[in-house]
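Counting along the sequence shown from 1, when you hit position 142 you're at 142 in the UniProt record's numbering, and nothing is skipped either side. Note that beta-carbon positions come from the ideal geometry of N, C-alpha and C, so glycine has one too.
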Amino acid sequence: MLPPLPSLLYQSNHVVILDKPAGLPVHTGPGGGQSVEDWFPLLSRRKDGPWLAHRLDADTSGCLAIALRKQPLLAMQQAFANKTARKTYWAVVQGGPQAMSGRIDLPLLKTSTKAGWSMQVAEAGAPSATKWRVLGRSETTSWLELELETGRTHQARVHCAAMGWPIIGDALYGTPTSTGLHLLARSLTLPLDNGITATAPPRTDMQPALRACGWDEAL
Numbered sequence: 001m002l003p004p005l006p007s008l009l010y011q012s013n014h015v016v017i018l019d020k021p022a023g024l025p026v027h028t029g030p031g032g033g034q035s036v037e038d039w040f041p042l043l044s045r046r047k048d049g050p051w052l053a054h055r056l057d058a059d060t061s062g063c064l065a066i067a068l069r070k071q072p073l074l075a076m077q078q079a080f081a082n083k084t085a086r087k088t089y090w091a092v093v094q095g096g097p098q099a100m101s102g103r104i105d106l107p108l109l110k111t112s113t114k115a116g117w118s119m120q121v122a123e124a125g126a127p128s129a130t131k132w133r134v135l136g137r138s139e140t141t142s143w144l145e146l147e148l149e150t151g152r153t154h155q156a157r158v159h160c161a162a163m164g165w166p167i168i169g170d171a172l173y174g175t176p177t178s179t180g181l182h183l184l185a186r187s188l189t190l191p192l193d194n195g196i197t198a199t200a201p202p203r204t205d206m207q208p209a210l211r212a213c214g215w216d217e218a219l
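Below, the structure is given as structure tokens:
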């Protein structure tokens, strides 16, 4: 049974930004199962749409934009292509960088084996860049703000792991934990409706690690 519709972080007659829960894919996979698309009938009764304006990894929670009309869908897709849309992520990583900010520029390539597929750093891969900034630290972890200049699959996860600071709970590129992947699509800004900005709160299982790094939910 599909869980209740999550919180709507922004809503208009033609755009919805919802707080996607972790563990739910945006599309139904070949083997079936639940996905964000199962909520579409609750968002619009029109024959056409809704449509996903972009994607999030299944294990990533936070801001996900959905178009209720075709025109805003095209406008959002254009904004992502032109980089006039701004997406920021929060991640809690093991260890962390010594500097306070920087940029990761490592090409990524999808590779497949009998065990499955993953993204790898490879010279033959697609150009991929991530800006990062330290927001807080504990003795063993760091709280990062990430801005993806490109939108490759698993980009934030692979880039952090390649730098030696894998995201907590990343079973594919780091070490799994019982609390899941500590990656949040924190905010999304779109150049529509005189400017749209949505912010997603950290989910419950991320909050202890964030607090250890100095996060205060009251601020």
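Only exposed fits His27, as fewer than 16 other CB atoms lie within 10 angstroms of its CB.
Leu74: not part of any beta strand (DSSP E); member of the alpha helix (DSSP H) spanning Lys70 to Asn82, first to last residue. Rounded to whole angstroms, the gap between the alpha carbons of Leu183 and Trp132 is 13 Å. Per DSSP, reduced to three states, the secondary structure at Ala218 is coil, with no helix or strand assignment. If you draw a straight line from the Cα of Ala198 to the Cα of Leu74, it is about 19 Å long.
Of the other Cβ atoms in all chains shown, fewer than 16 fall within 10 Å of the Cβ of Ala218; this residue is therefore exposed. Linking Thr140 to Gln94 through their CA atoms gives a straight-line distance of about 6 Å. Per the C-alpha coordinates, the member of Arg211, Leu192 and Ser7 positioned closest to Ser138 is Arg211. Of all alpha-carbon atoms in Asp19, Gln71, Leu144 and Ala124, the one lying nearest the alpha-carbon of Thr130 is that of Leu144. Annotated three-state conformation of Val26 is coil, per DSSP. The stretch 2 to 21 makes contact with the stretch 54 to 68: 3 or more CB pairs, one atom from each, lie closer than 8 Å. The beta carbon of Glu147 lies closer than 6 Å to those of Thr88 and Lys131 in the same chain, with the five residues before and after it left out.
Looking at the DSSP output, Cys213 sits in no beta bridge, so it has no partner there. Close CB contacts of Thr84 within its chain, under the 6 Å cut and outside five residues either way in sequence, are with Pro191 (chain order). Of the residues Met206, Pro202 and Pro50, the one whose Cα lies closest to the Cα of Pro72 is Pro50.
In the three-state reduction of the DSSP assignment, Trp39 falls in the helix class, which pools H, G and I.
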